[in-house]
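Undergrad: The sequence shown maps to residues 180 to 303 in the numbering used here.
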Amino acid sequence: MMSRIEDKFYTLKKNDQKGFGVFLTAGFPTFDSSLDIFKIILDAKADFIEIGMPFSDPMADGPTIQLASKRAIDSGTNLETIFDICSHIREKNLSIPIVLMGYYNVILHYGIKNFVDKVESLGI
180 MMSRIEDKFY TLKKNDQKGF GVFLTAGFPT FDSSLDIFKI ILDAKADFIE IGMPFSDPMA
240 DGPTIQLASK RAIDSGTNLE TIFDICSHIR EKNLSIPIVL MGYYNVILHY GIKNFVDKVE
300 SLGI
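#1: Just to confirm before moving on: does the CB-CB distance between L287 and F262 stay below 8 Å?
#2: Let me check understanding here. Comparing Cα to Cα, which of K187, R250, D236 lies closest to N284?
#3: In terms of alpha-carbon separation, which member of I277, P242, D215, I264 lies closest to D186?
#4: In the DSSP assignment, the alpha helix (DSSP H) including I303 goes from what residue to what residue?
#5: Tell me, which residues are paired with L279 by DSSP?
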C-alpha cells in the first residue's frame with residue numbers, strides 16, 4: 180500500500196501532470212480563518228497541503244514565516260489545535276496528502292510516540 184503522498188505523485192507522473200501544493204502556517208492568522216483558508220485550498224483542488232507548525236523561535240525560517248508563527252502562537256495555536264485543523268481537513272477530504280512541517284522541538288516536547296500515534300490516527 181502506498182502512502183497518500185506516494186500515490187499522489189505516482190498518479191501525477193503517470194498522467195504527465197505537475198502537482199500543486201499549498202503551504203500555510205496553522206492558526207494564522209486565527210484558528211477559524213485557518214479552517215476557512217484550508218476549505219478554499221481543498222475547493223481549489225490542491226494536490227497536497229503542507230501545514231507549518233508554529234514555533235516560538237523559528238530561526239531557520241524567513242521573516243514571513245517567523246511573523247506568521249508568532250501571530251499563530253499569539254492567537255493560541257499549539258499542537259492540539261494543529262491536530263484539530265488536520266481533523267477538519269480529513270472530515271472534508273480523506274485522500275489529500277497532509278505534510279506537517281516544523282521544528283523537532285515541538286514534536287519532542289509533545290512526545291515522539293504520542294506525536295507519531297496522533298498523526299497516524301489522522302492520516303498524516
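Note that CB positions come from ideal geometry on N, CA and C, so glycine has one too.
TA: Inspection of the coordinates gives the following:
#1: Their beta carbons are not under 8 Å apart, which means L287 does not touch F262 by this criterion.
#2: When each option's Cα is compared against that of N284, the closest is D236.
#3: When only C-alpha atoms are compared, the closest one is I277.
#4: No alpha helix (DSSP H) holds I303; DSSP gives it neither H nor E.
#5: Beta-bridge pairing by DSSP links L279 to I230.
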